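Input: a single structure, listed below in structure tokens.
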Amino acid sequence: MTSPRKSPLAKKMKSSSLLTYFRTPFWSEHVTSTFKATWAEVVANVQTESCFYVELEATAAPLTPEEESALTWLLSETFEPEKYGSSPFYPAPAAKATADVWVVEIGARLSFSTPWSSNAVSICHACGLTKIKRIERSRIFHFTGKPGKLTDAFKAAFLTAHMDRMTEQVYESSLTSFGVPQAPKPVQRVPIMSEGKEALRAINATNGLGFDEWDLDYYTNLFKEKLQRDPTDVECFDMGQSNSEHSRHWFFGGKIVIDGVEMPDTLFQMVKSTLTDANKANSVIAFHDNSSVIKGAAIKTLAPSHVGYPSSLEERHLTSHVL
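Below you can see the structure in the form of structure tokens.
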């Protein structure tokens, strides 16, 4: 179970390469009241805020007052500027806080820049803030629970409902950089020379490389008889990816022999044969990079009268294809 945040939030720390700004609330009044009503037996109060982590280009100078003002204009709410600032609105509790207080911060995984960040950076650059390299937004929840009610079960239920484990993670403390503090695992040797095919079978099962018996025989012979050395786990991963059916289409693109008789068409040719000349007339894209598009119909829609500028909408007639 995730522990509470370990250190108070702060705008700028000497060890941090990020600028940090806050806006409250993250949840609207309606969402907050609905949540409190749903968890009335557990939660006495919940306060929320957004945290914006801003990274500048490595060679960039600090933001000027004018640039800071422009960034504030972009990140703050137009009618509630007092709810935006460089310090947290609800500081993390002191270490002596009771078990009835839980502060949790949820944000994007650090291994990649989010689409939200890409859009935010594009907007900043369009406003002249070209020093900004990346912006990520996190959500901070400050729970005050009823005595003894903020259990691990509640925390697990909350995170399950309000965090996408595929793209998000819990921040145990304030971010100081977007780097992932994780040392790479050392390269391992797969002992084919001493253990033979079973060594390859073991790493195949452990790491899901997708080798079938033919692959195991082929790679064992390649390294043991021809190259006469043990492969690394990196090489095994590479072989699993580059020589997979997804990449090479050995099976679907290969010859098919049934009872000693070679079939006239491959599986791919059989599938593609359904696209007859008559069907081609109705296809815009067929069997192209995992995508197909069929011809659509004439529709009426609304579009800007002047693209790229503030303008009125006008009725347009166009053909909309079906993806």
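In my numbering, the protein residues as written are 719 to 1041.
The beta carbon of each residue, even a glycine, is placed where N, CA and C say it ideally should be.
These numbers come from a predicted model, not from an experiment.
Straight-line spacing of the CA atoms in PRO902 and THR790 works out to 38 Å. In the three-state reduction of the DSSP assignment, ARG883 falls in the coil class.
With respect to the 7 Å criterion, GLU823 and SER856 are classified as neighbours on the basis of their beta carbons. Under the three-state reduction of DSSP, THR924 is assigned to helix. In the three-state reduction of the DSSP assignment, ASN763 falls in the strand class, which pools E and B. DSSP places LEU1041 outside both helix and strand once states are collapsed to three, so it counts as coil. In this structure, DSSP gives CYS769 an extended state, which the three-state scheme calls strand. With a cut-off of 8 Å on Cβ pairs, the region 843-855 is in contact with the region 766-782, counting three or more such pairs. One thing to note: PRO909 has its Cβ no nearer than 7 Å to the Cβ of ASP933. Contact between TYR739 and SER804 holds, since their C-beta atoms are separated by about 6 Å, short of 8 Å. Rounded to the nearest whole angstrom, the C-alpha separation of LYS1013 and ASN1000 is 6 Å.
By the 16-neighbour rule on beta-carbons within 10 angstroms, THR938 is buried.
In the three-state DSSP reduction, LEU918 falls in the helix class (H, G or I).
Between the C-alpha atoms of LYS754 and TRP820 there is a straight-line separation of about 15 Å. The region 853-868 makes no contact with the region 923-930: fewer than 3 CB pairs, one atom from each, lie closer than 8 Å. Two segments are said to touch when three or more pairs of C-beta atoms, one from each, lie closer than 8 Å; by this definition the region 831-845 does not touch the region 858-878. By the neighbour-count definition (other C-beta atoms within 10 Å, threshold 16), LYS942 is a buried residue. In the structure shown, TYR808 adopts coil according to DSSP, grouped into three states.
Contact check for VAL1011 against LEU1041 passes: the beta carbons are separated by less than 7 Å. If you keep only unbroken beta strand (DSSP E) runs of at least 3 residues inside the region 954-1004, you get nothing at all.
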